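Student: As given, the protein sequences belong to chains A and B, one line each in that order.
My numbering applies: residue 6 is where the first sequence begins, and numbers increase by one.
My numbering applies: residue 6 is where the second sequence begins, and numbers increase by one.
2 protein chains.
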Amino acid sequence: MVTLQQIAPQEIEAESFRIIERELGPTAFSPEEFAVVRRTIHATGDFSFAENLRFHPQAVTTGLAAIRAGKNILVDVNMAASGISAALLTRFGGRVICRVAEADTVAMAKQNGTTRSDAAMARSIADNIGIVAIGNAPTALLKVMELIEQGLFAPNLVIGVPVGFVNASESKELLAQKNYPFITALGRKGGTPVAVAAVNALLRLA
Amino acid sequence: MVTLQQIAPQEIEAESFRIIERELGPTAFSPEEFAVVRRTIHATGDFSFAENLRFHPQAVTTGLAAIRAGKNILVDVNMAASGISAALLTRFGGRVICRVAEADTVAMAKQNGTTRSDAAMARSIADNIGIVAIGNAPTALLKVMELIEQGLFAPNLVIGVPVGFVNASESKELLAQKNYPFITALGRKGGTPVAVAAVNALLRLA
């Protein structure tokens with residue numbers, strides 16, 4: 006016998022957050038970091054993110070400053086672009102940029118023997134990027150770290166949470182060692198919903 | 006010290022599938038069901054889906070028949086529409102339909118005091134739907150089951166894998182008891198990447 010919870014549509018998110026807080030108990034995250042953690046668990050149904058998420062100490066502060074300055078958000082896949090709250094972002098003047106499916110990206114990847122995700126990052130360094138949010142492609146995250154190291158790209162915050170089995174956990178372990186602002190999730194888990202949850206949590210905080 | 010795997014872009018998916026198969030070992034799924042399971046684990050980095058996924062015995066057969074007949078795929082959120090391989094689907098003549106953000110859906114939800122996800126399903130029953138794929142909204146899945154029960158809607162396959170804390174696991178437990186074709190994932194986990202992975206696995210099998 007399955008019993009459904011009777012609840013008004015506008016109450017579902019708040020009730021979900023209450024359940025998460027109750028089951029999770031106290032954590033070591035700052036209140037702003039916890040907003041990201043809570044929304045990630047809400048998006049995945051997976052409490053392991055409370056253990057795997059890592060924040061650079063300035064991650065939230067610099068992310069919020071970038072949003073408020075009207076800077077753009079660079080994502081690796083179009084699914085992420087669909088998930089980020091455009092209504093909130095445009096209020097600050099920013100927009101979501103995703104170049105992975107553009108013809109010039111496809112051509113560059115073919116020419117250089119890289120993934121399209123790699124080429125899409127290289128083609129976006131002059132796009133006034135405040136936050137990079139990568140939930141899918143380890144090669145995109147590796148390229149962003151390389152471009153930053155080379156002094157060619159300077160986003161305010163790198164949200165790097167690619168999911169998968171080939172270089173995903175490795176790329177995130179590298180990101181977690183950086184001295185510039187990042188949010189990451191150690192291990193194989195992650196994904197576009199995690200990247201989107203982090204961005205949307207920051208948009209609400211801003 | 007982090008060591009990256011050197012691998013050609015076009016080999017990443019195949020190598021990921023090999024890792025999944027090696028770590029998972031033998032399963033009780035049919036080869037076609039396993040294609041769905043494997044792609045779901047690939048999309049989430051989460052092996053628990055090998056335990057949580059449930060298939061009606063005719064799920065894969067009817068899903069493939071619907072795709073080959075050129076029928077459309079109904080999804081609950083635009084993120085899912087972005088993730089489903091349009092290149093593969095259009096080859097068969099179908100398209101992805103998502104009405105959740107349409108003005109008439111918003112108006113209907115407001116008038117009836119339901120979620121937009123609920124209203125979007127009600128507005129799509131005459132859209133030649135072969136597969137319904139719900140990864141986000143339990144209310145969308147509950148509405149689809151209600152419409153089928155009432156004889157108002159007859160999709161060939163219901164992929165119902167909403168994620169979350171309010172009625173998500175309950176809605177999936179209900180779906181798992183149905184005598185019409187379904188794919189579901191018991192428990193709180195699920196999400197748009199799971200729904201998309203299931204659809205894309207079927208598109209590749211077709």
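Just so it is clear, CB atoms sit at the ideal spot from N, CA and C, and this is done for glycine as well.
In this text the structure is predicted, and so the values were computed from the model without any measurement.
1) Taking 9 Å as the threshold (C-beta atoms), are residue 169 of chain B and residue 21 of chain A in contact?
2) Quick check on residue 172 of chain B: buried or exposed, where buried means 16 or more other Cβ atoms within 10 Å of its Cβ?
3) Within 9 Å (strictly less), CB to CB, does residue 51 of chain B reach chain A?
4) What residue does the beta strand (DSSP E) around residue 80 of chain A start on, and which one ends it?
5) Closer than 9 Å, CB to CB, is residue 193 of chain B near chain A or not?
6) With distances taken between CB atoms, is the gap from residue 142 of chain A to residue 82 of chain A smaller than 9 Å?
7) Would you tell me roughly how many angstroms separate the C-alpha atoms of residue 97 of chain B and residue 37 of chain B, rounded to the nearest one?
8) My output table needs one value for residue 131 of chain B: the three-state DSSP class, helix, strand or coil.
9) Would you call the segment 199-206 of chain A in contact with the segment 172-187 of chain A, where contact means no fewer than 3 C-beta pairs closer than 8 Å?
10) With a Cβ-Cβ cutoff of 9 Å, do residue 25 of chain A and residue 47 of chain A count as a contact?
11) Look at the Cβ atom of residue 126 of chain B, then the Cβ atom of residue 148 of chain B, and state whether they are nearer than 9 Å.
12) In chain A, which residues lie less than 7 Å from residue 165 of chain B when you measure between Cβ atoms?
13) Given this structure, state the Cα-to-Cα distance separating residue 109 of chain A from residue 117 of chain A, to the nearest angstrom.
14) Runs of 3 residues minimum, wholly inside the segment 127-177 of chain B: which ones carry the beta strand (DSSP E) assignment?
15) How many angstroms separate the CA atom of residue 194 of chain A from the CA atom of residue 174 of chain B?
16) Please check if any C-beta of chain A sits within less than 9 Å of the C-beta of residue 93 of chain B.
17) Quick one: what's residue 101 of chain B bridged to in DSSP?
18) Within the 9 Å Cβ cut-off, does residue 179 of chain A reach chain B?
19) Is residue 188 of chain B helix, strand or coil when you go by DSSP?
20) Taking the alpha-carbon positions, what's the residue 92 of chain B to residue 84 of chain A distance?
21) Count the other CB atoms within 10 Å of the CB of residue 77 of chain B; is the residue buried (16 or more) or exposed (fewer)?
Tutor: Taking the structure as given:
1) yes
2) With 16 or more other Cβ atoms within 10 Å, it is buried.
3) yes
4) 77-80
5) Using a CB distance cut-off of 9 Å, residue 193 of chain B counts as an interface residue toward chain A.
6) yes
7) 19 Å
8) coil
9) no
10) For residue 25 of chain A and residue 47 of chain A, yes; Cβs fall inside 9 Å.
11) yes
12) By Cβ distance, chain A contributes nothing, its closest Cβ being about 13 Å from residue 165 of chain B, past 7 Å.
13) 12 Å
14) 134-139 and 162-165
15) The C-alpha of residue 174 of chain B is placed about 21 Å away from the C-alpha of residue 194 of chain A.
16) no
17) B:78
18) At least one CB atom of chain B sits nearer than 9 Å to the CB of residue 179 of chain A.
19) strand
20) 15 Å
21) buried
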